[in-house]
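Asks: Numbering of the sequence shown is given in my numbering, commencing with residue 1356 and proceeding in unit increments. Every residue gets a Cβ at the ideal spot worked out from N, C-alpha and C, and that includes glycine.
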Amino acid sequence: MRSRCKPPVRRGLLAAITAALAACSAPAAAPTPVPTAAPTRTSPPAATPAPTVDAAAADAQDAFLTNVNDLTSEVETLATAPCADLAIETRANPTEVAEIHRFAATLQSIGANQPALDSDDVRSALSDLSKAMTQFDTALTACGISTS
């Protein structure tokens, strides 16, 4: 004979029966106490000095990263544009490609030479910019547009 209950109903019914049987069974034996070691006195942890952050340096780094990330985003957008759009853009703004290259080179130079910008975040952002510039130059070359 086939059951009229659907599988989720059967599972729910089975769970209810199991819970009811478990509730009616004899209580579990109390666990055997385990001896514990006597507490030992430890010295308080040494205070770790909080790193000091120069607010001006942090602000400079944030502003620099904003410039790098903005340029990277713009370059990535151009690098993925169709050739027809790139051709229109470079005809309308004949100095744009050269200006983008100069700005990227300036950001790379500043990032490498300013101690306040010596961080993993800056190095990562500049690496992303370099990759985007390579992708941009590849797209320009593929579209027959001069990269200089």
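Below 9 Å between beta carbons: does that hold for A1487 and A1436?
Replies: The answer is no: Cβ separation not under 9 Å.
Asks: Is the CB-CB distance between L1426 and L1462 below 9 Å?
Replies: Contact: yes.
Asks: Rounding to the nearest angstrom, what Cα-Cα distance links T1432 and Q1490 in this structure?
Replies: For T1432 and Q1490, the distance between alpha carbons rounds to 10 Å.
Asks: For G1466, does the three-state DSSP call read helix, strand or coil?
Replies: Residue state, collapsed to three classes: helix.
Asks: For I1500, tell me which candidate among R1457, A1480 and A1442 has the shortest Cα-Cα distance.
Replies: Of the candidates R1457, A1480 and A1442, the one whose C-alpha sits nearest the C-alpha of I1500 is A1442.
Asks: Note the first and the last residue of the continuous alpha helix (DSSP H) segment covering L1433.
Replies: Start and end: A1410 to A1434.
Asks: When the distance is taken between beta carbons, is E1451 closer than 9 Å to E1444?
Replies: Yes, the Cβ-Cβ distance between E1444 and E1451 is below 9 Å.
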